Ligand code: GLC
Ligand code: GLC
């Protein structure tokens, strides 16, 4: 069942009922001011940090779900309704929500009135704009009332939802121009230098700033007393819950329409410019902001700028292909989600409260794979931030805070895959840009500039950290966990509330990870390539030899007979082996080791992928492990704490399904690769939205596995490494267009039924139109290449030499490449 449909020409998802299986959201803003907005206008705004600068309040886990947001009540005689349906839930004659790139539009109608609510954050601006248009579609004159309503958060979202003894006394506002402009200035009197402002671009009839007055002490957003009764009461909040509510009149002749623009802004003042008079906040910057959006022309111009911004970002990689679902994911939604992960990391979604983890070391390195081609400069900055949270011994803080950029002491380090992701991230950046200067940038260790070393030295220590931390089988020590945060082999947590990851010592125990070994073999060659390009031939030779040894260790001690083992636990017992009672086979090492080419020429890789197909595959994707753990294992940790089929305990973890897709392409299995790709791909599962439940235009972190009673149900949409990995997979491994050190590698691995496509790729300032012709109906392999019509004798690439490298062209040039498969 569907609850809407894609509109590719408009680059929108059009939701046609407010009763979606879960709130389906969008993100507005891509610099500092952000808003989460659902298909019923639920959500919240914040400035930069979703915990410390929360502008409006949002109650997670509430019932009814998602009723805090950006609500506009229309009153037409006795009839009261919301343009986006919530919170009154009045049945509407018409409803549509269109989520587009950085904007959302609601259109609805009831009883001869049609309404439109358009929302976006202008480029370079710290405010959310909303334009409301009301039209009288009846044949009688109408006197309508419109009431906008938002509830302010007292800035620190965590404190706001816990510290009521203080917070009920601190709320303060200022009201100007009869309520047309409402300032929220809680804590501005002391240490804050920022306030929020809500305004309308035309006079209002009334206002309220105290929630009790507008909603009623025992009222509810679904039936606000002021709206149902005789209008706003002009309340000024002193403590309790400051809100911005206004009352506006629309007198509309038949067929007439009128609009009004509302803004919600965030203003920061230098300390010496905080006040305009004692106790009166300096409003100059707010006034300047309002003056930038006086009318429709300004609103429309800002909206056009936003569209141009997205046009530009998305034209770095586009595909022209007959399969429209594939096209819309590659050209629009997958890249869009990658940009959202750049902006949000794992902080604010409908599953991440904005108060939690901050930026993950490994997460941020992987997210970069999905946006480096769109925003290389910001990717560079991100890499330097990440690297600065590494420890001098090469290990790393597992997470860091976006505002302070300091590592989180609580989680600490000891997640032994982290250092290698830095190599992977830097490698992706270098391939995209060729900017080797970045390797000379001085970067702190542990955020301490006195310990700073060139970025290259960070990579060297990352690589050697793995080399120097091997266990009894010559495989990398796992530490607190590797990619799988929940496989905690050294931790032994027995008490509720304890962290599964940080209980027990991180050094000492000898559990080993075959997954990290696979990563080492996959990204080690990137490190050695970087060394060679810097003239460090000895180090390159050392790296090659270490990779060689690791490959042997995997084939000797990491191979179970039909698939790759997952790990050895602290007692050196195998995990993910046929000898185990549960958890006999895991997805991660099969994907990673085969991607790395381990056993690709000697048969193990084929066997491993065959085992994945036989044992882990389901109609909705590949589950993380089988059989699911049915009880808690002290020696395994959090993974066995989840009920079977959920999360890391045999859920379909969408992040590592693409690893198997990439692995299949290494072996040339284009049909199978595409089959797996489609299973978790939003556009291909839109028809089962009633089962999948999360947004049909973005990936979720997890889909319930075959062991779960809710098999196929998605959770944790938007902020997941799945976005970057699926984009890398489809753009590079399947469509086969990969940035390489000196050019673009072309090595498609596609379903034999796909007869061809054209990719347009901007790369280092040049534009490549690469047409792939698969009239031969093969899955992999290139028969001939022409560049601008001339036969080209290009260097071969790929494990089996199936691909070729199109040399980098001068910036500014446009080149036409034709690749004939066969
Ligand atoms: C979450 C974490 C990520 C981890 C994965 C598997 O997505 O953000 O760091 O690799 O879970 O545990
Ligand atoms: C990852 C996992 C989650 C786990 C968390 C612990 O996010 O997906 O299951 O609870 O890590 O840090």
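In the numbering used here, the protein residues as written are 43 to 864. Ideal Cβ positions, reconstructed from N, Cα and C, are used throughout, including at glycine. Predicted, not measured: the structure shown is a model, and the values here were computed from it.
Subject >> Residue ranges of each alpha helix (DSSP H) within the stretch 174-204, 4 or longer >> reply: 199-202
Subject >> Own chain residues within Cβ distance below 6 angstroms of residue 358, not counting five before or after >> reply: Translated into the one-based positions of the chain shown, residue 358 becomes position 316. Closer than 6 angstroms at Cβ, skipping near neighbours: 415, 416 and 804.
Original post:
Going by the CB atoms, is the gap between residue 664 and residue 730 shorter than 8 angstroms?
Top reply: As a working note, residue 730 is residue 688 in the chain shown. As a working note, residue 664 is residue 622 in the chain shown. No. Outside cutoff.
Original post:
Quick one: does the C-beta of residue 543 sit closer than 7 angstroms to a heavy atom of ligand 1?
Top reply: Here residue 543 corresponds to residue number 501 of the chain shown, with the count starting at 1. Answer for residue 543: no, Cβ out of range of ligand 1.
Subject >> N- and C-terminal bounds of the beta strand (DSSP E) containing residue 241 >> reply: Here the question's residue 241 lines up with position 199 in the chain shown. Note, residue 241: beta strand (DSSP E), 236-242.
**OP:** Identify which residue in 430, 85 and 551 has its Cα closest to the Cα of residue 393.
**Re:** Position 351 of the chain shown, counted from the start, is the residue given in the question as residue 393. Taking only the C-alpha atoms, the option nearest residue 393 is 85.
Subject >> residue 64 to residue 81 span [Cα, whole Å] >> reply: Indexing the chain shown from 1 puts residue 64 at position 22. Indexing the chain shown from 1 puts residue 81 at position 39. Pairing residue 64 with residue 81, the inter-Cα distance amounts to about 9 angstroms.
Original post:
Residues in its own chain within less than 6 angstroms of residue 273 by CB, not counting five upstream and five downstream?
Top reply: Locating residue 273 in the chain shown gives position 231, counting from the first residue. For residue 273, where only same-chain residues beyond five positions count, the Cβ hits under 6 angstroms are 248 and 289.
Subject >> Alpha-carbon to alpha-carbon, residue 296 and residue 760 >> reply: The count along the chain shown starts at 1 and reaches residue 760 at position 718. The count along the chain shown starts at 1 and reaches residue 296 at position 254. Near 43 angstroms, if we compare the C-alpha coordinates of residue 296 and residue 760.
**OP:** Would you decide whether residue 206 is buried or exposed? Buried here means 16 or more other CB atoms lie within 10 Å of its CB.
**Re:** For the purposes of this step, residue 206 is taken as residue 164 along the chain shown, with counting starting at 1. Burial call: exposed.
Original post:
Closer than 7 angstroms: is that where the CB of residue 388 sits relative to any heavy atom of ligand 1?
Top reply: To locate residue 388, count along the chain shown from 1; it is residue 346. True, at least one ligand heavy atom lies under 7 angstroms from that Cβ.
**OP:** Check whether the Cβ atoms of residue 134 and residue 107 lie closer than 8 angstroms to each other.
**Re:** Counting from 1 along the chain shown, the entry for residue 134 is found at position 92. Counting from 1 along the chain shown, the entry for residue 107 is found at position 65. Not in contact: residue 134 and residue 107 (Cβ atoms no closer than 8 angstroms).
**OP:** Select from 448, 825 and 778 the residue whose C-alpha is nearest the C-alpha of residue 812.
**Re:** Sequence index remark: in the chain shown, residue 812 carries index 770 (1-based). Taking only the C-alpha atoms, the option nearest residue 812 is 778.
**OP:** Can you have a look at residue 140 and say buried or exposed, based on whether 16 or more other CB atoms are within 10 angstroms of its CB?
**Re:** If you number the chain shown from 1, residue 140 lands on position 98. Looking at its Cβ environment, which holds 16 or more other Cβ atoms inside 10 Å, residue 140 is buried.
Subject >> Cβ-heavy atom distance, residue 383 to ligand 1, below 7 angstroms >> reply: On the chain shown, residue 383 is found 341 positions in, with the first residue counted as 1. Answer for residue 383: no, Cβ out of range of ligand 1.
**OP:** Output the residues surrounding ligand 1, defined as those with a CB atom closer than 7 angstroms to any ligand heavy atom, in chain order.
**Re:** Listed by position along the chain, the residues with Cβ atoms less than 7 angstroms from a non-hydrogen atom of ligand 1 are 388, 402, 404, 405, 525, 526, 527, 528, 690, 695, 697, 743, 762 and 763.
**OP:** Only counting runs of 4 or more residues, tell me where the alpha helix (DSSP H) segments fall wholly within the stretch 602-678, in order along the chain.
**Re:** Fully enclosed alpha helix (DSSP H) runs of 4 or longer: 629-637 and 646-657.
Subject >> residue 596 vs residue 635 beta-carbon contact at 8 angstroms >> reply: Along the chain shown, one-based indexing puts residue 596 at 554. Along the chain shown, one-based indexing puts residue 635 at 593. Contact flag set, yes.
Original post:
In whole angstroms, what separates the C-alpha of residue 796 from that of residue 583?
Top reply: As a working note, residue 796 is residue 754 in the chain shown. As a working note, residue 583 is residue 541 in the chain shown. Computed Cα separation, rounded: 41 angstroms.
Original post:
Looking at residue 246 and ligand 3, is the gap between the Cβ and the nearest heavy atom below 7 angstroms?
Top reply: Of the ligands this structure carries, namely ligand 1 and ligand 2, none is ligand 3.
Original post:
Is the stretch 273-284 touching the stretch 296-314 in the sense that three or more CB pairs, one from each, lie closer than 8 angstroms?
Top reply: no
Subject >> Which listed residue (842, 736, 855 and 772) has its alpha carbon closest to that of residue 61 >> reply: Translated into the one-based positions of the chain shown, residue 61 becomes position 19. Of the listed residues, the one whose Cα sits closest to residue 61 is 736.
**OP:** Keeping to the same chain, check which residues put their C-beta closer than 8 angstroms to that of residue 908; ignore five residues upstream and five downstream.
**Re:** In the structure displayed, the chain extends from 43 to 864; residue 908 sits before or after that span and is not available.
Original post:
Which one of 430, 172 and 461 has the shortest CA to CA distance from residue 487?
Top reply: As a position in the chain shown, residue 487 is number 445, starting the count at 1. Taking the Cα of residue 487 as reference, the smallest distance to any Cα among 430, 172 and 461 is reached at 430.
Original post:
Going straight from the alpha carbon of residue 382 to that of residue 182, what length do you get?
Top reply: By 1-based counting over the chain shown, the position of residue 382 is 340. By 1-based counting over the chain shown, the position of residue 182 is 140. Taking the straight line joining both Cα atoms gives about 46 angstroms.
**OP:** With DSSP collapsed to three states, give me the class of residue 70.
**Re:** Locating residue 70 in the chain shown gives position 28, counting from the first residue. DSSP places residue 70 in strand when its eight states are reduced to three.
Original post:
Per DSSP, what kind of secondary structure is residue 703 in: helix, strand or coil?
Top reply: Mapped onto the chain shown, residue 703 falls at position 661. Helix.
Original post:
Residue range of the alpha helix (DSSP H) that residue 355 falls in?
Top reply: As a first step, residue 355 is located in the chain shown; it is residue number 313 there, counting from the start. That run of the alpha helix (DSSP H) goes 338-356.
Subject >> Inter-residue spacing [alpha-carbon to alpha-carbon] between residue 58 and residue 44 >> reply: Within the chain shown, residue 58 is the residue found at index 16, counting from 1. Within the chain shown, residue 44 is the residue found at index 2, counting from 1. Each residue's CA atom was taken as its position, placing residue 58 and residue 44 some 9 angstroms apart.
Subject >> N-terminal and C-terminal residue of the beta strand (DSSP E) that residue 159 is part of >> reply: Counting from 1 along the chain shown, the entry for residue 159 is found at position 117. Run containing residue 159: 155-162, per the beta strand (DSSP E) assignment.
**OP:** Taking 8 angstroms as the threshold, find out whether the stretch 533-545 comes into contact with the stretch 592-610 through three or more Cβ pairs.
**Re:** no
Original post:
For residue 824 versus residue 787, is the C-beta distance shorter than 8 angstroms?
Top reply: Numbered from 1 along the chain shown, position 782 holds the residue referred to as residue 824. Numbered from 1 along the chain shown, position 745 holds the residue referred to as residue 787. Result no, Cβ atoms of residue 824 and residue 787 do not sit closer than 8 angstroms.
**OP:** Please specify which runs of the alpha helix (DSSP H), each continuous and at least 4 residues long, are wholly inside the stretch 250-309, giving them in chain order.
**Re:** 253-256 and 267-270
Subject >> Exposure of residue 482, with buried meaning 16 or more beta-carbon neighbours within 10 Å >> reply: Within the chain shown, residue 482 is the residue found at index 440, counting from 1. Exposed, by the Cβ-count rule.
**OP:** Count the CB pairs spanning the stretch 568-584 and the stretch 518-526 that are closer than 8 angstroms, and state whether there are at least three.
**Re:** no
Original post:
To which residues of the same chain is residue 627 closer than 7 angstroms at the C-beta, ignoring the five residues directly before and after it?
Top reply: In the chain shown, counting from the first residue as 1, residue 627 sits at position 585. Answer for residue 627: 605, 618, 653, 657, 658, 667 and 668, listed in chain order.
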